[in-house]
Amino acid sequence: TEFKYLTGQEHQKTSIVYEYPQAEGDPYYPVPRPENAEIYKKYKALADATPGVSFVGRLATYKYYNMDQVVAQALTTYTQITTKPVIELVENVNGSASNLSSSNGVIETPATPSLEVAAVNGNGNGGKSATK
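Each residue of the sequence shown is one higher than the one before, counting from 1 in full-length UniProt numbering.
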């Protein structure tokens, strides 16, 4: 994962993370087994009963997602719980969103045209969201 492309940062250097699956240790991906599904149901019930906390990503849904899908899921969840538009969130994280373009609610980073994260209509009232 090259994180600056997820956030739209422009920098001459970069940080890249590689993952190497291993047989031992904690699993980093959901393992689809009946006993794991039962454990997930218990965690899901606890999560649903916790007000003011939103869980997203692989462990929140116990499904495998690529990073672009997780980012889209996080942005979609953000739009459902706030009235601030996503472009404002990106500006707060990056200090500037000048390298992003937004049309029809789709935020695109020019450096990674294959990573498009559809997010908001800007009003935070549960606008339609999708990923490409």
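Backbone N, C-alpha and C define an ideal beta-carbon position, used for all residues, glycine too.
The Cβ-Cβ distance between Y64 and P30 falls below 8 Å.
Secondary structure at E19: coil, using DSSP grouped into helix, strand and coil.
Between the alpha carbons of A72 and E24 lies a distance of about 30 Å. Here V53 is actually not in contact with A74; their C-beta atoms are around 14 Å apart, not less than 8 Å. Beta-bridge pairing by DSSP links E2 to I16.
Secondary structure of Y64 (DSSP, three-state): coil.
When the beta-carbon positions are compared, Y78 and Y62 stay at least 8 Å from each other.
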